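Peer 1: In this note's numbering, the protein residues as written are 1235 to 1455. Here a beta-carbon is modelled for each residue, glycine too, at the ideal position from N, C-alpha and C. Remember, predicted model here, so these are calculated numbers, not experimental data. Provided herewith is a single structure, encoded as structure tokens, for subsequent inquiry.
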């Protein structure tokens, strides 16, 4: 004769044992094993690809930052600090103060089409600003010299890289603002240019944070 109470108790007991085993395996053993392997074999990537300067974490290789001066009284937005290399334009990038603070605002693209009037207006304004900000006494930038990524944000809005062309374009302004020889700054760009992945994937790129850390060290010599 069946015992409903006994059968129910056995089922509950079996369920609790399965819960305990699965919790132990999936909630303790597996996470510890994966974390141990990641820390042992890919320590830098597992910890967020952190970038350090002066003994402090100042950002990540994977997330861009802005380099702005504090807004003046009555102003709502900050202006770019022209003594530093600037990243791609984006509302997603946080701000920092000489690479010692980092604040992330948001991530995302504009999702506007190429013929969107507002986007076209933004691009024209951004191009005019790039030409204005990067023209110096002995270097006159032409609108046709401005690369696309200098006036458009990435899909994530957090791109940490710019092209060597955009970095070279900024070198004259950075040299003038920091009282450096432009050849020193151009060499800095060349030294911090990463080639294509495995020699054929992607495009050459410059990590803006790493470049600015190197620039800071150069100006302190």
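Give the C-beta separation of residue 1439 and residue 1390 to the nearest angstrom, bearing in mind that I take them to be a contact with Cβ-Cβ under 8 Å.
Peer 2: About 15 Å separates the two Cβ atoms, so there is no contact after all.
Peer 1: Which residues in the same chain have their Cβ closer than 7 Å to the Cβ of residue 1331, if we skip the five residues on either side of it in sequence?
Peer 2: Low confidence applies to residue 1331: its pLDDT is 44, below 50, so where it sits in the model is not reliable enough to give any reading.
Peer 1: Could you give the first and the last residue of the continuous beta strand (DSSP E) run that contains residue 1287?
Peer 2: 1284-1287 is the extent of the beta strand (DSSP E) around residue 1287.
Peer 1: Answer with buried or exposed for residue 1317, where buried requires no fewer than 16 other C-beta atoms within 10 angstroms of its C-beta.
Peer 2: Buried: at least 16 other Cβ atoms inside 10 Å.
Peer 1: Count the other C-beta atoms from every protein chain shown that fall within 10 angstroms of the C-beta of residue 1252, then say buried if there are 16 or more, exposed otherwise.
Peer 2: Under this definition residue 1252 is an exposed residue.
Peer 1: List the endpoints of the continuous alpha helix (DSSP H) containing residue 1262.
Peer 2: No alpha helix (DSSP H) holds residue 1262; DSSP gives it neither H nor E.
Peer 1: Label residue 1301 either buried or exposed according to how many other C-beta atoms from any shown protein chain fall within 10 Å of its C-beta, with 16 as the threshold for buried.
Peer 2: Looking at its Cβ environment, which holds 16 or more other Cβ atoms inside 10 Å, residue 1301 is buried.
Peer 1: Closest by CA to residue 1299, which one among 1447, 1455, 1454 and 1452?
Peer 2: The option with the nearest alpha carbon to residue 1299 is 1447.
Peer 1: Cα-Cα, which of 1408, 1320 and 1428 is closest to residue 1360?
Peer 2: Here the closest residue by C-alpha is 1320.
Peer 1: Using 10 angstroms around the beta-carbon of residue 1378, count the other beta-carbons present and answer buried if the total reaches 16, otherwise exposed.
Peer 2: So residue 1378 counts as exposed.
Peer 1: If you run the structure through DSSP and keep just helix, strand and coil, what is residue 1244?
Peer 2: Residue 1244: helix per DSSP, three-state reduction.
Peer 1: Nearest-angstrom Cα distance between residue 1288 and residue 1351?
Peer 2: When rounded, the distance between both Cα atoms is 45 Å.
Peer 1: Please classify residue 1292 as buried or exposed, where buried requires at least 16 other C-beta atoms within 10 Å of its C-beta.
Peer 2: So residue 1292 counts as buried.
Peer 1: Output needed for residue 1346: all residues of its chain with C-beta closer than 8 Å, excluding positions within five of it in sequence on either side, in chain order.
Peer 2: Result list for residue 1346: 1352 and 1353, in chain order.
Peer 1: What residues in its chain sit with their C-beta under 8 Å from that of residue 1283, if we drop five residues either side in the sequence?
Peer 2: The residues are 1294, 1295 and 1296.
Peer 1: In angstroms, rounded to a whole number, what distance separates the CA positions of residue 1323 and residue 1386?
Peer 2: Distance between the alpha carbons of residue 1323 and residue 1386 is about 6 Å.
Peer 1: Thinking just about the alpha-carbon of each residue, which of 1314, 1395 and 1405 is nearest to the one in residue 1363?
Peer 2: Residue 1363 has its Cα closest to that of 1314, out of 1314, 1395 and 1405.
Peer 1: What number of angstroms, rounded off, separates the C-alpha of residue 1285 from the C-alpha of residue 1373?
Peer 2: Looking at the two C-alpha atoms, the distance is approximately 32 Å.
Peer 1: Beta carbon of residue 1410, beta carbon of residue 1453: below 7 Å?
Peer 2: Result no, Cβ atoms of residue 1410 and residue 1453 do not sit closer than 7 Å.
Peer 1: Using C-beta distances below 6 Å, list every residue in its chain close to residue 1272, excluding the 5 sequence neighbours before and after it, in chain order.
Peer 2: Taken in chain order, the residues that qualify are 1280.
Peer 1: Taking all protein chains shown into account, do 16 or more other C-beta atoms lie within 10 angstroms of the C-beta of residue 1400, making it buried, or fewer, making it exposed?
Peer 2: Buried, by the Cβ-count rule.
Peer 1: For residue 1423 versus residue 1402, is the C-beta spacing smaller than 7 Å?
Peer 2: Taking 7 Å as the Cβ cut-off, residue 1423 and residue 1402 qualify as a contacting pair.
Peer 1: What's the call for residue 1393, buried or exposed, on a 16-neighbour Cβ count within 10 Å?
Peer 2: Flag for residue 1393 reads buried.
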